[in-house]
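Student: Numbering (our numbering), first residue to last: 16 to 427.
Heads up, the beta-carbon is just placed ideally off N, CA and C, and yes, glycines get one too.
#1: With residue 152 as the anchor, note down where its alpha helix (DSSP H) starts and where it stops.
#2: Please classify residue 49 as buried or exposed, where buried requires at least 16 other C-beta atoms within 10 Å of its C-beta.
#3: When burial is assigned at 16 or more other CB atoms within 10 Å of the CB, is residue 307 buried or exposed?
#4: How many Å lie between residue 411 and residue 421 at the Cα?
#5: Can you say whether residue 377 is buried or exposed, counting buried as having 16 or more other CB atoms within 10 angstroms of its CB?
#6: For residue 117 and residue 397, I'd like the C-alpha separation in whole angstroms.
#7: Have a look at the DSSP bridge pairing and note the partners of residue 343.
#8: Going straight from the alpha carbon of residue 425 to that of residue 401, what length do you get?
#9: In angstroms with no decimal places, state the Cα-to-Cα distance between residue 301 and residue 202.
#10: Under 8 Å between the Cβ atoms of residue 326 and residue 125?
#11: Should residue 198 be labelled buried (16 or more other beta-carbon atoms within 10 Å of its own) or exposed?
#12: Using a threshold of 8 Å, state whether the C-beta atoms of residue 344 and residue 395 are closer than that.
#13: When the Cβ atoms of the region 335-350 are set against those of the region 412-419, are three or more pairs found closer than 8 Å?
#14: Work out the CA separation of residue 179 and residue 173 for me, nearest whole Å.
#15: Below 8 Å between beta carbons: does that hold for residue 322 and residue 131?
#16: Check residue 92 in the structure and name its three-state DSSP category.
#17: Quick check on residue 319: buried or exposed, where buried means 16 or more other Cβ atoms within 10 Å of its Cβ?
#18: Give the straight-line distance between the Cα atoms of residue 190 and residue 387, rounded to the nearest whole angstrom.
#19: Out of 159, 313, 383 and 403, point me to the one whose CA is closest to residue 360's CA.
#20: Touching or not, the region 353-369 and the region 252-266, by the rule of three or more beta carbon pairs under 8 Å?
#21: Quick one: residues in its chain with C-beta nearer than 8 Å to the C-beta of residue 266, no 5 flanking neighbours on either side, listed in chain order?
#22: With DSSP collapsed to three states, give me the class of residue 372.
#23: Who pairs with residue 32 in a beta bridge, going by DSSP?
#24: Assign residue 423 to buried or exposed, taking buried as 16 or more other Cβ atoms, counted over all protein chains shown, within 10 Å of its Cβ.
#25: Just to check my reading of the structure: residue 259 and residue 288 have Cβ atoms closer than 8 Å, yes? What is that Cβ distance to the nearest angstrom?
#26: Looking at C-alpha atoms only, which residue of 231, 336 and 110 is the closest neighbour of residue 2?
#27: Would you list the one or two residues that DSSP bridges to residue 291?
#28: From residue 280 to residue 354, what distance separates their C-alpha atoms?
#29: Between which two residues does the alpha helix (DSSP H) holding residue 20 run?
This is how it looks when you write it as structure tokens:
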């Protein structure tokens with residue numbers, strides 16, 4: 016939720032942000048009108064409440080005033096109902112307002128993303144096979160049996176594939192040791208409020224797997240649960256840093272026609288998420304620190320990558336400013352998204368009712384959501400570290416977590 020007082024003070028600033036997003040159809044006027052209605056009814060209710068309280072006191076000593084006091088109480092009850100309905104209407108309309116955008120965000124779609132750091136991939140002097148072929152040759156990925164179990168866009172990870180995931184998990188923990196993270200494995204089923212608070216509802220309803228005859232849905236990222244854990248709380252001190260350990264579930268409703276082979280754009284995958292609550296003045300430095308963690312980890316896997324500032328069309332509704340780190344996939348000669356890192360300002364904490372005290376003033380903390388690593392890192396590692404015989408060199412940083420193994424070899 017954006018700051019509605021800020022919106023009312025300068026609606027044109029917000030409209031400019033909407034134009035940049037290509038979201039001019041958002042009903043700003045409707046929100047402003049609903050806000051004025053709430054303000055007016057609140058003033059009327061407070062005046063009536065004071066009058067009713069005073070008259071009730073006098074009526075206790077004057078029977079002639081009791082009927083008038085009852086009438087005022089009835090009016091107060093009616094006005095209270097109208098005020099509640101007006102607030103509900105305002106909240107409904109305001110829930111469709113995306114966040115402001117940082118001035119640094121370039122306008123446009125994915126093609127307008129700005130590269131700010133690039134690592135030169137090796138020259139294409141030999142043919143590379145896609146990660147799923149390499150993985151199947153190693154006997155660590157089975158999409159056919161996954162389809163038998165669950166349908167398309169699932170995979171079974173086996174043997175050294177699971178060991179790679181566990182090794183990456185432990186390597187990441189060791190690399191961020193001392194940064195103050197708490198490791199949390201939250202439920203993967205969450206109430207509707209969790210999706211609303213994090214800003215995924217109402218904007219991305221079709222992305223969620225709902226549970227029939229229940230208010231629960233499978234989480235698309237542990238961010239949704241880690242935020243909602245603190246709903247309606249006053250956080251005693253900041254920053255609070257979590258590493259969210261969970262399976263993630265997404266319908267991938269908008270990925271038709273894209274490359275969905277192997278471990279890409281699937282319905283279920285593993286992810287370790289960096290999720291932070293912080294003070295506004297800390298957010299820039301912490302945002303960059305999370306980005307440094309992501310890049311250092313990808314570099315440790317011997318995977319060339321580039322860092323981009325995402326354009327307005329590539330920043331989801333709750334986001335204010337977003338970095339992506341994209342890995343080089345040599346089989347297709349393209350960069351593919353590996354991690355996303357978003358400064359969400361106080362958009363989520365306003366929706367979740369989360370506050371903290373800074374310099375004696377009660378405020379909403381800022382949040383940052385940044386991928387640590389996910390199963391796509393396995394795909395990028397396999398494709399970039401493959402040998403011509405189908406073997407895969409284990410990056411030196413991972414070898415201590417795999418019993419010192421230097422090469423993964425094909426089966427059979």
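Tutor: Per the coordinate set shown:
#1: Your numbering for residue 152 matches position 137 in the chain shown. Taken as a continuous stretch (DSSP letters only), the alpha helix (DSSP H) holding residue 152 covers 146-153.
#2: Reading the chain shown from its first residue, position 34 is the one you call residue 49. Burial call: buried.
#3: Taking the first residue of the chain shown as 1, we reach residue 307 at position 292. Counting C-beta atoms within 10 angstroms of its own C-beta, residue 307 has fewer than 16 neighbours from the protein chains shown and is therefore classed as exposed.
#4: Working through the chain shown from its first residue, we reach residue 411 at position 396. Working through the chain shown from its first residue, we reach residue 421 at position 406. Approximately 8 Å between the Cα atoms of the pair.
#5: On the chain shown, residue 377 is found 362 positions in, with the first residue counted as 1. With fewer than 16 other Cβ atoms within 10 Å, it is exposed.
#6: Within the chain shown, numbered from 1, the residue matching residue 117 stands at position 102. Within the chain shown, numbered from 1, the residue matching residue 397 stands at position 382. Residue 117 and residue 397: Cα-Cα distance of roughly 36 Å.
#7: Here the question's residue 343 lines up with position 328 in the chain shown. Bridge partners of residue 343: 350.
#8: The residue you call residue 425 lines up with position 410 of the chain shown. The residue you call residue 401 lines up with position 386 of the chain shown. In this structure, the alpha-carbon of residue 425 lies about 11 Å from that of residue 401.
#9: For this step, residue 301 is matched to residue 286 along the chain shown. For this step, residue 202 is matched to residue 187 along the chain shown. Spanning the alpha carbons of residue 301 and residue 202 requires a straight line of approximately 26 Å.
#10: Here the question's residue 326 lines up with position 311 in the chain shown. Here the question's residue 125 lines up with position 110 in the chain shown. With a cutoff of 8 Å on beta-carbon distance, residue 326 and residue 125 are scored as near each other.
#11: Reading the chain shown from its first residue, position 183 is the one you call residue 198. It is exposed - the Cβ of residue 198 has fewer than 16 other Cβ atoms within 10 Å.
#12: Taking the first residue of the chain shown as 1, we reach residue 344 at position 329. Taking the first residue of the chain shown as 1, we reach residue 395 at position 380. In this structure, residue 395 lies closer than 8 Å to residue 344 by Cβ.
#13: No, the region 335-350 does not touch the region 412-419.
#14: The count along the chain shown starts at 1 and reaches residue 173 at position 158. The count along the chain shown starts at 1 and reaches residue 179 at position 164. In this structure, the alpha-carbon of residue 173 lies about 10 Å from that of residue 179.
#15: Here residue 322 refers to the residue found at position 307 when the chain shown is read from its first residue. Here residue 131 refers to the residue found at position 116 when the chain shown is read from its first residue. Going by C-beta atoms, residue 322 is nearer than 8 Å to residue 131.
#16: One-based indexing of the chain shown puts residue 92 at position 77. Here residue 92 sits in helix by DSSP.
#17: Taking the chain shown and counting its residues from 1, the one referred to as residue 319 is at position 304. Residue 319 should be labelled buried.
#18: Counted from its first residue, the chain shown places residue 190 at position 175. Counted from its first residue, the chain shown places residue 387 at position 372. Here the alpha carbon of residue 190 sits roughly 11 Å from the alpha carbon of residue 387.
#19: Residue 360 sits at position 345 when you count from the first residue of the chain shown. Closest by alpha carbon: 383.
#20: Too few Cβ pairs lie closer than 8 Å, so no.
#21: Locating residue 266 in the chain shown gives position 251, counting from the first residue. Cβ within range, chain order: 221, 222, 223, 224 and 282.
#22: Translated into the one-based positions of the chain shown, residue 372 becomes position 357. Residue 372 falls in the strand class under three-state DSSP.
#23: Here residue 32 is taken as the residue at index 17 of the chain shown, counted from 1. For residue 32, which the question treats as bridged, DSSP gives no partner whatsoever.
#24: The residue given as residue 423 occupies position 408 in the chain shown. Buried is the call here.
#25: Within the chain shown, the letter at position 244 stands for residue 259. Within the chain shown, the letter at position 273 stands for residue 288. Separation of the CB atoms of residue 259 and residue 288 is rounded to 4 Å, and the pair is thereby assigned contact status at 8 Å.
#26: The structure shown does not extend to residue 2, since the chain is modelled only from 16 to 427, so the question has no answer here.
#27: In the chain shown, residue 291 corresponds to position 276, counting from 1. As computed with DSSP, residue 291 is found in a beta bridge with 256 and 383.
#28: By 1-based counting over the chain shown, the position of residue 280 is 265. By 1-based counting over the chain shown, the position of residue 354 is 339. Roughly 13 Å between the two C-alpha positions.
#29: Residue mapping note: residue 20 aligns to position 5 of the chain shown, counting from 1. Boundaries of the alpha helix (DSSP H) around residue 20: 19-24.
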